[in-house]
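Notes to accompany the following structure.
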Amino acid sequence: MKLEIGTTPSGAELTSIKYNDREYLHQGDKVLDKDGKIYWKRRAPILFPIVGSLKNNTTIINGKKYEMSQHGFARDMKFDIVKISEREHTYVLKYSEETLKMYPYKFELYVTYLVDDNKLTIKYKVKNLDDKTMFFGLGGHPAFVIDLKNNKYRLEFEKLEENIRFYQLENGLISYKNNYINESILSGGKCINIQKDTFTHDAIIMSNLDSKKIRLIENEKVRLELCFSSFKYLAIWAKKGAPFVCIEPWLTTADYVDSNQIFEDKKDNIRLEPQNEFECEYSIIFE
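Residue numbering for the sequence shown is 15 to 301, as defined by the working numbering.
If you want it as structure tokens, here you go:
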């Protein structure tokens with residue numbers, strides 16, 4: 015088998031993706047800048063039950079206030095192992111007294127990583143175990159190794175993006191302004207060139223995409239192709255000058271700057287009825 019993965023129960027996070035012995039996944043706290051500081055300690059966190067930030071890190075559910083930090087709590091919690099084999103790693107996060115203090119729903123979140131030749135599929139399944147309707151957001155956040163010192167990189171959509179919409183962040187929230195995020199980012203209507211200053215203003219968030227796939231190209235060679243057909247949004251991000259780029263399929267986004275902070279009113283939140291399940295997936299083909 016040419017494709018090998020590593021995972022951990024901590025956040026059910028990927029720790030390694032090797033194809034033909036080449037490491038494709040950013041190695042988190044092992045990667046230091048010239049001053050010995052960590053660029054970004056994470057590798058491929060799972061964003062649940064929110065994507066991005068809440069206004070004032072607070073939301074209102076059934077009339078009560080709850081606090082959650084950016085991207086939710088799943089990435090910082092220990093999952094239970096369901097199955098670990100050469101081709102499948104599956105984990106589950108179950109509601110607990112700790113999660114109920116932040117998010118008052120009884121749920122199970124399953125994360126499955128499936129290896130098939132040179133393809134990795136990441137599956138999410140959410141079960142609503144409660145007797146009330148559950149609302150949530152969900153997204154992926156894998157970081158892929160790049161080397162901007164010597165190589166040229168771009169992200170290339172499968173189609174011309176004539177209807178694309180860009181979103182600008184203002185203090186971590188979705189803004190109605192569009193001062194610096196616009197169509198000029200998209201070279202030829204299809205490509206985004208990755209440079210040291212590409213993410214000076216935080217993540218580039220996009221919707222209304224005609225494409226369902228995006229490729230990471232290094233020196234004119236395709237390194238990987240990510241299929242995000244189940245997701246409404248796609249974000250790309252990195253720390254300034256960092257040796258990685260995150261390609262992030264999202265179902266939802268951060269709160270808008272004028273959010274009323276009521277969780278069930280949050281734009282694009284997934285609504286899941288009692289005792290029902292929700293599933294989605296994205297996949298990555300490595301070259």
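All C-beta atoms, glycine included, are put in the ideal place defined by N, C-alpha and C.
DSSP three-state call for residue i: helix, strand or coil?
i       : result
Leu-123 : strand
Gly-154 : strand
Asp-131 : coil
Asn-76  : coil
Asp-90  : helix
Relative to the C-alpha of residue i, which candidate in the options has its C-alpha closest?
i       : options                            : result
Glu-293 : Asp-49, Leu-61, Met-116, Leu-152   : Leu-152
His-155 : Glu-18, Pro-23, Lys-227, Ile-261   : Ile-261
Gly-186 : Ile-160, Ala-217, Ser-201          : Ala-217
Ser-10  : Glu-122, Glu-27, Glu-100, His-103  : Residue coverage of the chain in this structure runs from 15 to 301, which leaves residue 10 outside it and unanswerable.
Tyr-296 : Thr-126, Thr-113, Asp-131          : Thr-126
Tyr-167 : Ile-199, Ile-136, Arg-237          : Arg-237
Val-259 : Asp-49, Asp-35, Trp-54             : Trp-54
Asn-233 : Ile-60, Leu-162, Pro-59, Lys-210   : Leu-162
Phe-150 : Arg-179, Leu-17, Asp-279, Asp-131  : Asp-279
Gly-255 : Lys-226, Asn-274, Thr-214, Lys-246 : Thr-214
Thr-22  : Gln-209, Arg-89, Asn-165           : Arg-89
Phe-242 : Lys-139, Leu-200, Ser-221, Lys-48  : Ser-221
Gln-209 : Ile-178, Lys-191, Lys-253          : Lys-253
Ile-284 : Trp-264, Ile-298, Val-271, Glu-301 : Trp-264
Trp-144 : Pro-118, Ile-75, His-103           : Before going further, note that residue 144 is Asp rather than Trp in the sequence given. Per the Cα distances, Pro-118.
Lys-120 : Val-140, Ile-136, Glu-102, Asp-130 : Val-140
Phe-300 : Glu-100, Val-129, Asp-47, Glu-291  : Val-129
Glu-175 : Asp-49, Ser-189, Lys-227           : Lys-227
Met-91  : Gly-25, Gly-202, Arg-179           : Gly-25
Leu-200 : Ser-189, Arg-179, Lys-191          : Arg-179
Pro-63  : Ser-189, Lys-108, Tyr-190          : Lys-108
Lys-281 : Asn-290, Lys-246, Glu-102          : Lys-246
Trp-251 : Lys-235, Ile-74, Tyr-181           : Tyr-181
I'd like to check one pair, residue j with residue i: are the Cβ atoms closer than 7 Å?
i       : j       : result
Lys-204 : Phe-171 : yes
Thr-266 : Val-65  : yes
Ala-249 : Ile-276 : no
Ile-206 : Leu-183 : no
Pro-59  : Glu-27  : yes
Leu-286 : Asn-142 : yes
Tyr-105 : Phe-93  : yes
Ala-268 : Ser-67  : yes
Ser-273 : Lys-69  : yes
Met-116 : Phe-87  : yes
Lys-173 : Ser-225 : yes
Leu-46  : Arg-57  : no
Ser-302 : Gly-42  : Residue 302 falls outside the range modelled here, since the chain spans only 15 to 301, and no answer is possible.
Pro-257 : Ile-160 : yes
Ile-298 : Leu-223 : no
Val-96  : Ser-189 : no
Leu-61  : His-85  : yes
At which residues does the alpha helix (DSSP H) containing residue i begin and terminate?
i       : result
Glu-111 : 111–116
Tell me where the beta strand (DSSP E) around residue i begins and ends.
i       : result
Arg-229 : 227–232
Glu-102 : 102–108
Glu-301 : Counting along the chain, Glu-301 falls outside any beta strand (DSSP E), and DSSP gives it neither H nor E.
Lys-16  : Per DSSP, Lys-16 belongs to no beta strand (DSSP E) and is neither H nor E.
Leu-240 : 235–241
The ligand ATP heavy atoms versus the CB of residue i: any closer than 6 Å?
i       : result
Lys-281 : Here there are no bound small molecules, and the ligand ATP is not part of this structure.
Quick one: which unbroken beta strand (DSSP E) runs of 3-plus residues sit fully inside the stretch 165–223? Chain order, please. 167–171, 179–184, 187–189, 205–208, 218–221
In chain order, which beta strand (DSSP E) runs of at least 3 residues are fully inside the stretch 246–294? 247–251, 258–264, 284–286
List, from N- to C-terminal side, the beta strand (DSSP E) runs of 3 residues or more that fit wholly inside the stretch 23–68. 27–33
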